[in-house]
Amino acid sequence: MAGRIPEVHSLEAAVQAVIRQNIACGYRPVRFIQKTQKGNAPTDDLITNLTNLVRNNTAQAVVSEAIQRYPKLLTIEDFLQYDDWALAWGFSCSVADQARLAVRRYDRQAGHVRWERAH
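Letter by letter, the sequence shown follows residues 1 to 119 of the UniProt record's numbering.
Printed below as a string of structure tokens:
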């Protein structure tokens, strides 16, 4: 059964939710923590760095490898796939599209839908 994506009200809160959940699962997302300064980076830097992570094949491969070990891992793409969050936080439609594609790959890899949003 899919977990419920935490309901958050800011990009910073989404980043912190990803970090907390990953660590609780036993995975430490070192690069993600560094790039986001634990969610405390200035908003423009967060948007730039997260856009780069979502678009980066190496970063995607790292997440894919982590999902093999931790199939319930929450990712920033799990949040950014939703246009209302992505656009409100300053991301482009193309980033939301890429996030949706990544989530589909991660879910296929995990063998199930990992996360869904409460309605």
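A virtual CB, placed ideally from N, CA and C, is assigned to each residue, including glycine. Predicted, not measured: the structure shown is a model, and the values here were computed from it.
Taking the DSSP output, what are the residues bridged to residue 116?
DSSP lists 4 as the beta-bridge partner residues of residue 116.
Limits of the unbroken alpha helix (DSSP H) element including residue 108
Unbroken alpha helix (DSSP H) run through residue 108: 93 to 110.
Alpha carbon to alpha carbon, how far is residue 98 from residue 111?
As the crow flies, the alpha-carbon of residue 98 is around 20 Å from that of residue 111.
Specify, as a first and last residue, the run of the alpha helix (DSSP H) that residue 64 falls within.
Taken as a continuous stretch (DSSP letters only), the alpha helix (DSSP H) holding residue 64 covers 57 to 69.
Coarse secondary structure for residue 81, derived from DSSP in three states
Residue 81: coil per DSSP, three-state reduction.
Can you have a look at residue 30 and say buried or exposed, based on whether 16 or more other CB atoms are within 10 angstroms of its CB?
Residue environment for residue 30: exposed (fewer than 16 other C-beta atoms within 10 angstroms of its C-beta).
Output yes or no for whether 8 Å exceeds the beta carbon distance between residue 5 and residue 89.
Between residue 5 and residue 89, the C-beta spacing is not below 8 Å.
With H, G and I counted as helix, E and B as strand and the rest as coil, what does DSSP make of residue 38?
Shown here, residue 38 sits in a helix according to DSSP, grouped into three states.
Compute every distance between the C-beta of residue 6 and the non-hydrogen atoms of the ligand MN, then say whether any falls below 7 Å.
What this structure holds is no ligand at all, so the ligand MN is not there to describe.
Please tell me whether residue 75 and residue 63 are closer than 8 Å, where the distance is taken between their beta carbons.
Yes, these two residues count as a Cβ contact at 8 Å.
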